[in-house]
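Chains as they are written, first to last, in numbering that gives the first Met the number 0: chain A, 0 to 327; chain B, 0 to 465.
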Amino acid sequence: MLVIKKIALLGLVLIALNFIYKQFAFTAFVEQYADQYLQVDKIKDCDVIYVSASSNFPPENIPENDPRKISQFVSDHFPSLRFEAINKPASHAGVYRHLLALFPEESEAKTFVIAINLRSFGPSWINSELETALNQSNVFYNQRPVLLNRFLLSLNSYDNASAEERSATIQHHWSVDELPFPAPKNTVNNWCAVEKWGDWRNPKRQLADQFIKQFGFVIDAENPRVKDFDAMCEVGRARNISIVFNLLAENIETADSLVGRDLTHLMRQNTAWLVDRYTSKGFRLVDNLDVLRERNFTDKDFPTEHYDEEGRKIIAKNVAEALKELHP
Amino acid sequence: MLFNSLPFLLFLPTVVAMYFILPHRWRWMLLLAASYFFYGYWKIEYLGLILFSTIVDFFTAQFIASSETQLKKKIGLSMSLFTNLGLLALFKYSGWFMADVLHPISAVNDAQLNDFQSFWTFALPVGISFYTFQTLGYTIDVYYGRAIPEKNPFKFALFVSFFPQLVAGPIERFSHLHHQLFTEKKFDYSFLQHGGRLILYGLFIKMCVADNISPIVDQVFEQQNDASSAQLIIGALLFGIQIYSDFHGYSLIAIGTARLLGIALMDNFNAPYTATSIREFWSKWHISLSTWFRDYLFIPLGGSRVSNTKLAVNILIVFIVSGLWHGANWTFVAWGAIHGFSYLIERWFISKYTAAWLKFPQWMATMFIVFLAWILFRSASMESAAYYISNAVSSESAGISIEWSAISISFIGLFLLSDLHFKNSSIHIWLNKQSAIARWAVYAFFILSIAGFAGTTNHPFIYFQF
Chain A
0 MLVIKKIALL
10 GLVLIALNFI
20 YKQFAFTAFV
30 EQYADQYLQV
40 DKIKDCDVIY
50 VSASSNFPPE
60 NIPENDPRKI
70 SQFVSDHFPS
80 LRFEAINKPA
90 SHAGVYRHLL
100 ALFPEESEAK
110 TFVIAINLRS
120 FGPSWINSEL
130 ETALNQSNVF
140 YNQRPVLLNR
150 FLLSLNSYDN
160 ASAEERSATI
170 QHHWSVDELP
180 FPAPKNTVNN
190 WCAVEKWGDW
200 RNPKRQLADQ
210 FIKQFGFVID
220 AENPRVKDFD
230 AMCEVGRARN
240 ISIVFNLLAE
250 NIETADSLVG
260 RDLTHLMRQN
270 TAWLVDRYTS
280 KGFRLVDNLD
290 VLRERNFTDK
300 DFPTEHYDEE
310 GRKIIAKNVA
320 EALKELHP
Chain B
0 MLFNSLPFLL
10 FLPTVVAMYF
20 ILPHRWRWML
30 LLAASYFFYG
40 YWKIEYLGLI
50 LFSTIVDFFT
60 AQFIASSETQ
70 LKKKIGLSMS
80 LFTNLGLLAL
90 FKYSGWFMAD
100 VLHPISAVND
110 AQLNDFQSFW
120 TFALPVGISF
130 YTFQTLGYTI
140 DVYYGRAIPE
150 KNPFKFALFV
160 SFFPQLVAGP
170 IERFSHLHHQ
180 LFTEKKFDYS
190 FLQHGGRLIL
200 YGLFIKMCVA
210 DNISPIVDQV
220 FEQQNDASSA
230 QLIIGALLFG
240 IQIYSDFHGY
250 SLIAIGTARL
260 LGIALMDNFN
270 APYTATSIRE
280 FWSKWHISLS
290 TWFRDYLFIP
300 LGGSRVSNTK
310 LAVNILIVFI
320 VSGLWHGANW
330 TFVAWGAIHG
340 FSYLIERWFI
350 SKYTAAWLKF
360 PQWMATMFIV
370 FLAWILFRSA
380 SMESAAYYIS
390 NAVSSESAGI
400 SIEWSAISIS
410 FIGLFLLSDL
420 HFKNSSIHIW
430 LNKQSAIARW
440 AVYAFFILSI
450 AGFAGTTNHP
460 FIYFQF
């Protein structure tokens, strides 16, 4: 009986401490580790929310006539709607699904545009070193008492594999994951080994290598990002939220010229798989994979989804077309 | 599994509840299963090694006890020493031997060295130095007739693997721990109260003090080329506090965990930074290891009843072996040597000065040596340590940008004050003297600090690497 009384008292103390922590200390920690948590509260009463990684932003250090974000260009098409954006560099569906769930039931935001980077389905991104920080943030996005979330963060109760472990996992995937081509293009490592652009010091060789590493994979239903998107679809259905997936453009021209048709075929095959999966589930997926030219990509030494003004406007226009079906 | 992890926080109450629900005759089996689960949770492969060590020491102890001649007993003991120290040598020191001895004389090439080190570094089992010493102590005790060997190999396996103290001590003696594991105990609320308090305080000093200091210490030691003299000195001081709070915190959680089961483990620390001599420091720091070396190395070497020269050699052996026990690096050897030489100087020249007014300068001198030696302990190499020390004296750098947190500084201050207050006592005794409201206020403070303000980066206990 004494033990039960003490446990009950401990429970009361914990409730009181959670309240004190939330009132006086939680905001400072969230600002440091998971600022999007606070952002959700600020923007929950708008019409459309654009969620993406860094692709939404204009390039730094390149002067433009209209250096605005993709989300702002989209909003130009809908003057009567309130648009907001949530952006976090390197984030992906594994983060977005938690953010989506954070929006309260009574939120006025009923349309979400979710950006999809094709790269994010590959082992390089899934096992990136940046994942540890994102996983830390995800601890805060869970719907639990805030003091418990903070405690779990201290206990490292999330996937916090070391950089070496992550690197080893990526290497493992590159060496064993089968690609739908005969050898030597049957794995990423084998494919990279036969690239035609001279030795490793040649920048073209390095870039070709990165294209293979970033896009050399086959998406299937077991892919963790697919599961994340599926989870988002579930939330969307359960809460009557409209979700528009915005599959971002990739530098197909450069991939084609450096690596060849096999890689671009694989990229298109993966895209088709995603389009089929989510349109068949009743969601809209804007396929921007091949809509931009090489000149629209601002990073020239690594495959990214960073676009110039023209590129951002083209993508925004395509997204707006899809949104018009929801907001005529 | 780590003490400061969610799996352990679920594992512990489950084991404690099952322990007191089960009839007495089943309890030790539960503890054995729980201990192997606890250890195997890191890597299942680790179990093979502890099992091997257990089997060897079980049978060598039986052999020693049943041998009628001294020669046979010595053979038995040698087998135990060879096996246990051989395991340590293989897993812990072979990489160092290859790199620092064979590689410089070109007996192995770079590729061979890399392959060897990457395998053995990966394979180094957590806590091998701790359980190896514990089981070695057992066979030595049997050899000297101080312990009657356990006849049940499974019960002996529990003595070796008892999970609260398996991976980082306290290193227990057979005569102290063994009988407690098998004595019938009725559930008593005081077990929960005592153990819970120690665990709470241990988690506080590990997670709030050590883990909040850790990023600053890492930054200073990694950027020592750019740090100012003041920052390097503060970095060394903070490392001394970090390693103490980290290991003391671990020990308290271990002792508290055992206490929940009604088992008393030995204390491992007693305010070591209040010591006014190196001798006193070692009577307060990692007590279970320093007494192990005293009982199983210093005394067999002849103890104090030998000539001054032999005594000096014995003391240096003990301290240097103690340094090597911590890790395979010349920095640990130098760390042990600094303590050994200081101990001798103190014994021969300083210990006769006992005036009260000398206590403060003696404390200052002791702390200077202890914290200077910590620089060697923390540095990756002798060169790095020498560079750190010379820059701490005269760095021309403007300094690095360090993020100080008022909360972290407050935690450090509170820890040092409380440590001073609990000297020769414990938080449990202190809390017993407080009113119920004061006690619960202290609990609430610890819970809020641990849950809300602990360090956020991944820092395993420092002593796990040893």
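Just so it is clear, CB atoms sit at the ideal spot from N, CA and C, and this is done for glycine as well.
At least one CB of chain A closer than 8 Å to the CB of residue i: is that the case?
| i | result |
| --- | --- |
| LEU191 of chain B | yes |
| MET0 of chain B | no |
| SER4 of chain B | yes |
| LEU123 of chain B | no |
| ILE446 of chain B | yes |
| MET17 of chain B | no |
| MET28 of chain B | no |
| TRP41 of chain B | no |
| TYR188 of chain B | yes |
| TRP291 of chain B | no |
| TYR442 of chain B | yes |
| THR256 of chain B | no |
| MET206 of chain B | yes |
| TRP439 of chain B | yes |
Drop a sphere of 10 angstroms on the beta-carbon of residue i, count the other beta-carbons inside from all chains shown, and report buried for 16 or more, exposed for fewer.
| i | result |
| --- | --- |
| ASP99 of chain B | exposed |
| THR26 of chain A | exposed |
| PRO313 of chain B | Note that residue 313 of chain B is Asn in the sequence shown, not Pro. Buried, because 16 or more other Cβ atoms sit within 10 Å of the Cβ of ASN313 of chain B. |
| VAL141 of chain B | buried |
| LYS205 of chain B | buried |
| THR549 of chain B | With chain B represented from 0 up to 465, any question about residue 549 of chain B goes unanswered, as that position is not in the structure. |
| ILE8 of chain A | Note that residue 8 of chain A corresponds to Leu in the displayed sequence, not to Ile. It is exposed - the Cβ of LEU8 of chain A has fewer than 16 other Cβ atoms within 10 Å. |
| VAL73 of chain A | buried |
| ILE147 of chain B | exposed |
| THR278 of chain A | exposed |
Is the beta carbon of residue i less than 8 Å from the beta carbon of residue j?
| i | j | result |
| --- | --- | --- |
| PHE214 of chain A | GLY121 of chain A | yes |
| LYS154 of chain B | GLY261 of chain B | no |
| LEU206 of chain A | ASP300 of chain A | yes |
| LEU419 of chain B | ALA270 of chain B | yes |
| ILE319 of chain B | GLY335 of chain B | yes |
| ALA114 of chain A | LEU247 of chain A | yes |
| ARG258 of chain B | GLY194 of chain B | yes |
Give a yes or no on whether 8 Å exceeds the smallest Cβ distance from residue i to chain B.
| i | result |
| --- | --- |
| ARG204 of chain A | no |
| ASN155 of chain A | yes |
| TYR20 of chain A | yes |
| LEU16 of chain A | yes |
| VAL47 of chain A | no |
| ALA24 of chain A | yes |
If we ignore side chains and look at the alpha-carbon of each, how far apart do residue i and residue j end up?
| i | j | result |
| --- | --- | --- |
| PHE51 of chain B | LEU37 of chain A | 54 Å |
| ASN188 of chain A | SER174 of chain A | 5 Å |
| ILE436 of chain B | SER156 of chain A | 32 Å |
| ALA220 of chain A | GLU320 of chain A | 28 Å |
| VAL219 of chain B | ILE127 of chain B | 30 Å |
| HIS23 of chain B | ALA16 of chain B | 13 Å |
| LEU447 of chain B | GLY259 of chain A | 58 Å |
| THR59 of chain B | ILE139 of chain B | 10 Å |
| PRO78 of chain A | PRO327 of chain A | 12 Å |
| THR456 of chain B | ASP217 of chain B | 12 Å |
| VAL284 of chain B | VAL193 of chain A | Reading off the sequence shown, one finds Trp at residue 284 of chain B, where the question assumed Val. Computed Cα separation, rounded: 59 Å. |
| ASN60 of chain A | ASN3 of chain B | 45 Å |
| SER127 of chain A | THR270 of chain A | 21 Å |
| ILE277 of chain B | SER378 of chain B | 21 Å |
| HIS171 of chain A | GLU177 of chain A | 11 Å |
| LEU202 of chain B | GLY454 of chain B | 11 Å |
| LEU237 of chain B | LEU48 of chain B | 36 Å |
| ILE344 of chain B | TRP356 of chain B | 20 Å |
| LEU76 of chain B | ASN141 of chain A | 56 Å |
| PHE81 of chain B | PHE268 of chain B | 31 Å |
| ALA132 of chain A | GLY302 of chain B | 54 Å |
With DSSP as the reference, please indicate the residues paired to residue i in a beta bridge.
| i | result |
| --- | --- |
| GLU83 of chain A | A:ILE48 |
| ASN245 of chain A | A:ALA114 and A:VAL285 |
| PHE296 of chain A | A:TYR306 |
Are any of the Cβ atoms in chain D nearer than 8 Å to that of residue i?
| i | result |
| --- | --- |
| LEU151 of chain A | The question asks about chain D, but that chain is absent: this structure's protein chains are A and B. |
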